[in-house]
């Protein structure tokens, strides 16, 4: 079958890039022809561009003053952009469609040729973000002959942003079959009278051996360290990481968009391939990130997920509870016996392997099924 996926694949985020590649890679390994739809709306693609997006700065003098003020931070960000672009050129670019799309109208006027469209994964339906109300991520394009499914799509929160339910409900009617990543997503669907299936994130579709062979990076292989992936510069993350490092005699490495003053090494300009290597080679991972957690599971690393100050913990709570690891969601007051404990991956693997097999079966069955069967 010819399959086209759509997700936020070029947003300079480690997890987003890796899940995009993982889904397409798994489908390809199963013998299908696959492309990632190269959908790059302005609100996603302009992250590292040195330009004015705010209409308040339209006057020439104000615009130039704004650009001058922005230049130092923009210049620093270019090294990170280069690392992600290098990853993209090697892993993502060979999979994307020849045509780049920037609006849903462009997709409607010239839809990618495919037997099946797959929306997902990651936070494509997060209505707190612009992509959550972008009809493209609800497959609002293509002919009636194309089968349309979602795989591991995430709403990211327990409820839709106020005022968006009517839009989401109407666009979900595009789908022949829906699978989401979190139990809370099933509840949202149910509240709109839709049924769905629960599946694992695409990164779990490939095992540790595949990730290790594809991403042969040496970062961290000769040192003992706690890996911190913190996109909020959280004092709670700092406290937990420092306590573990002190008790176990470990260094602290950080990978993320911001340098952390307490880290021995900061990998702020590293791409997704280095991210995978650093998780693989870590003694322990401390994070508030979904995909840092997921890769810790894949490589069987000790892990602590730090509660977020903004209360957006539902994705992490649901992920950990599914594998009997609710005690790994901690804050700075966590007892030392918890922070020094190890994960029993024999128990986790039994649950995870069963979920992965169910997810693979769901995905392939929905790719090969006849339209409206």
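In this note's numbering, the protein residues as written are 5 to 377.
Note that beta-carbon positions come from the ideal geometry of N, C-alpha and C, so glycine has one too.
Computed from a predicted structure; not experimentally measured.
Leaving out five residues before and five after residue 280 in sequence, what residues of the same chain have Cβ atoms less than 8 Å from its Cβ? Translated into positions along the chain shown, residue 280 becomes position 276. Only 22, 215, 219, 221 and 299 meet the Cβ criterion.
By how many angstroms is the C-alpha of residue 200 removed from the C-alpha of residue 230? Looking up residue 230 in the chain shown gives position 226. Looking up residue 200 in the chain shown gives position 196. If I take the Cα positions, the gap works out to 38 Å.
Same chain, Cβ closer than 6 Å to residue 233, neighbours up to 5 away in sequence not counted: Your numbering for residue 233 matches position 229 in the chain shown. Shown here for residue 233: same chain residues with a beta carbon closer than 6 Å to its own, the five before and five after excluded, namely 259, 260, 291, 293 and 296 in chain order.
Between the alpha carbons of residue 324 and residue 113, how many angstroms are there, rounded? One-based indexing of the chain shown puts residue 324 at position 320. One-based indexing of the chain shown puts residue 113 at position 109. Going from the Cα of residue 324 to the Cα of residue 113 covers about 42 Å.
For the candidate residues 19, 121 and 108, whose alpha-carbon lies nearest to that of residue 374? Counting from 1 along the chain shown, the entry for residue 374 is found at position 370. Comparing C-alpha distances from residue 374 to each of 19, 121 and 108 shows the shortest one belongs to 121.
Best match in 368, 43, 10 and 17 for proximity to residue 379 [C-alpha to C-alpha]: Residue 379 lies beyond the residue range present for the chain, which begins at 5 and ends at 377; the question has no answer from this structure.
Does the beta-carbon of residue 135 have 16 or more other beta-carbons within 10 angstroms, so that it is buried, or is it exposed? For the purposes of this step, residue 135 is taken as residue 131 along the chain shown, with counting starting at 1. Buried is the call here.
Measuring CA to CA, which of 342, 301 and 334 is closest to residue 357? Numbered from its first residue, the chain shown carries residue 357 at position 353. Checking every option, the nearest Cα to that of residue 357 belongs to 301.
When we look at the beta-carbon of residue 126 and count the other beta-carbons within 10 Å, is it buried (16 or more) or exposed? As a working mapping, residue 126 is identified with position 122 in the chain shown. In the assembly as shown, residue 126 is a buried residue. Its beta-carbon has 16 or more other beta-carbons within 10 Å.
Can you tell which of 192, 19 and 15 has the C-alpha that lies nearest to the C-alpha of residue 278? As a working mapping, residue 278 is identified with position 274 in the chain shown. Among 192, 19 and 15, the Cα nearest to that of residue 278 belongs to 19.
Look at the Cβ atom of residue 104, then the Cβ atom of residue 185, and state whether they are nearer than 7 Å. Within the chain shown, residue 104 is the residue found at index 100, counting from 1. Within the chain shown, residue 185 is the residue found at index 181, counting from 1. No, the pair does not count as a contact, with Cβ atoms beyond the cut-off.
For residue 41 versus residue 8, is the C-beta distance shorter than 7 Å? The count along the chain shown starts at 1 and reaches residue 41 at position 37. The count along the chain shown starts at 1 and reaches residue 8 at position 4. For residue 41 and residue 8, yes; Cβs fall inside 7 Å.
First and last residue of the beta strand (DSSP E) that includes residue 43? Counting from one through the chain shown, the residue named residue 43 turns up at place 39. Counting along the chain, the beta strand (DSSP E) containing residue 43 begins and ends at 37-43.
As assigned by DSSP and simplified to three states, the class of residue 10: Residue mapping note: residue 10 aligns to position 6 of the chain shown, counting from 1. Three-state DSSP puts residue 10 in a strand.
Tell whether a beta-carbon distance below 7 Å holds between residue 309 and residue 282. In the chain shown, residue 309 corresponds to position 305, counting from 1. In the chain shown, residue 282 corresponds to position 278, counting from 1. For residue 309 and residue 282, no; Cβs fall outside 7 Å.
Does the beta-carbon of residue 344 have 16 or more other beta-carbons within 10 angstroms, so that it is buried, or is it exposed? Along the chain shown, read from residue 1 onward, the residue named residue 344 stands at position 340. Looking at its Cβ environment, which holds fewer than 16 other Cβ atoms inside 10 Å, residue 344 is exposed.
Since residue 269 and residue 257 should fall inside the 8 Å C-beta cutoff, what is the C-beta to C-beta distance between them, to a whole number of angstroms? Taking the first residue of the chain shown as position 1, residue 269 is located at position 265. Taking the first residue of the chain shown as position 1, residue 257 is located at position 253. About 5 Å separates the beta carbons of residue 269 and residue 257, which is inside the 8 Å limit, making them a contact pair.
Do residue 342 and residue 288 have their C-beta atoms within less than 7 Å of each other? Here residue 342 corresponds to residue number 338 of the chain shown, with the count starting at 1. Here residue 288 corresponds to residue number 284 of the chain shown, with the count starting at 1. Contact: no.
Return the chain-ordered list of same chain residues with a C-beta closer than 7 Å to the C-beta of residue 262, the five sequence neighbours on each side being excluded. Position 258 of the chain shown, counted from the first residue, corresponds to residue 262. Same-chain partners within the cutoff: 237 and 272.
Three-state secondary structure assigned by DSSP to residue 120: For this step, residue 120 is matched to residue 116 along the chain shown. Correct three-state label for residue 120: strand.
Ordered along the chain, which non-local residues of its own chain (more than five positions away) have a Cβ less than 6 Å from that of residue 355? Within the chain shown, the letter at position 351 stands for residue 355. Cβ contact annotation for residue 355 (same chain, cutoff 6 Å, sequence separation greater than five): 327, in chain order.
Residues in the same chain with beta-carbon distance under 6 Å from residue 363, minus the five sequence neighbours each way, listed in chain order, please. Here residue 363 refers to the residue found at position 359 of the chain shown. Same-chain partners within the cutoff: 203 and 204.
Let me make sure I understand the geometry here. Which of 171, 91 and 86 has the alpha-carbon closest to that of residue 129? Walking along the chain shown from the start, residue 129 turns up at place 125. Nearest option by C-alpha distance: 171.
Confirm, please, whether the CB-CB distance from residue 24 to residue 38 is below 7 Å. Along the chain shown, one-based indexing puts residue 38 at 34. Along the chain shown, one-based indexing puts residue 24 at 20. No, they are not a contact pair.
Decide if residue 267 is buried, meaning its Cβ has at least 16 other Cβ atoms within 10 Å, or exposed. Here residue 267 corresponds to residue number 263 of the chain shown, with the count starting at 1. Burial state of residue 267 is buried, judged by a 10 Å Cβ sphere holding 16 or more other Cβ atoms.
Where does residue 270 sit, in a helix, a strand or coil, going by DSSP? Within the chain shown, the letter at position 266 stands for residue 270. In this structure, residue 270 counts as strand in the three-state DSSP scheme.
Which class does residue 255 belong to by DSSP, given the choice of helix, strand or coil? Taking the first residue of the chain shown as position 1, residue 255 is located at position 251. If DSSP states are grouped into helix, strand and coil, residue 255 belongs with the strands.
Quick one, are the C-beta atoms of residue 340 and residue 240 less than 7 Å apart? For the purposes of this step, residue 340 is taken as residue 336 along the chain shown, with counting starting at 1. For the purposes of this step, residue 240 is taken as residue 236 along the chain shown, with counting starting at 1. Taking 7 Å as the cut-off, the Cβ atoms of residue 340 and residue 240 do not count as close.
On the CB-based measure, 16 or more other CB atoms within 10 Å of its CB, does residue 213 come out buried or exposed? Position 209 of the chain shown holds residue 213. Burial call: exposed.
DSSP three-state call for residue 233: helix, strand or coil? Here residue 233 is taken as the residue at index 229 of the chain shown, counted from 1. Residue 233 falls in the strand class under three-state DSSP.
Taking only three categories from DSSP, how would you classify residue 296? In the chain shown, residue 296 corresponds to position 292, counting from 1. Three-state DSSP puts residue 296 in a helix.
Backbone secondary structure at residue 161 - three-state DSSP: The residue you call residue 161 lines up with position 157 of the chain shown. It is coil, neither helix nor strand.
Cα-Cα, which of 303, 207 and 156 is closest to residue 183? In the chain shown, counting from the first residue as 1, residue 183 sits at position 179. Checked all of 303, 207 and 156; the closest Cα to residue 183 is 156.
Are the beta-carbon atoms belonging to residue 88 and residue 16 less than 7 Å from one another? Taking the first residue of the chain shown as 1, we reach residue 88 at position 84. Taking the first residue of the chain shown as 1, we reach residue 16 at position 12. Cβ atoms of residue 88 and residue 16: closer than 7 Å.
Take the Cβ of residue 319 as the centre, count every other Cβ of all protein chains shown within 10 Å, and call the residue buried at 16 or more, exposed below. Here residue 319 refers to the residue found at position 315 when the chain shown is read from its first residue. Buried is the call here.
Does DSSP put residue 54 in a helix, in a strand, or in coil? Looking up residue 54 in the chain shown gives position 50. A caution first: residue 54 carries a pLDDT of 42, below 50, which makes its placement in the model unreliable, though a value can still be read off. Correct three-state label for residue 54: coil.
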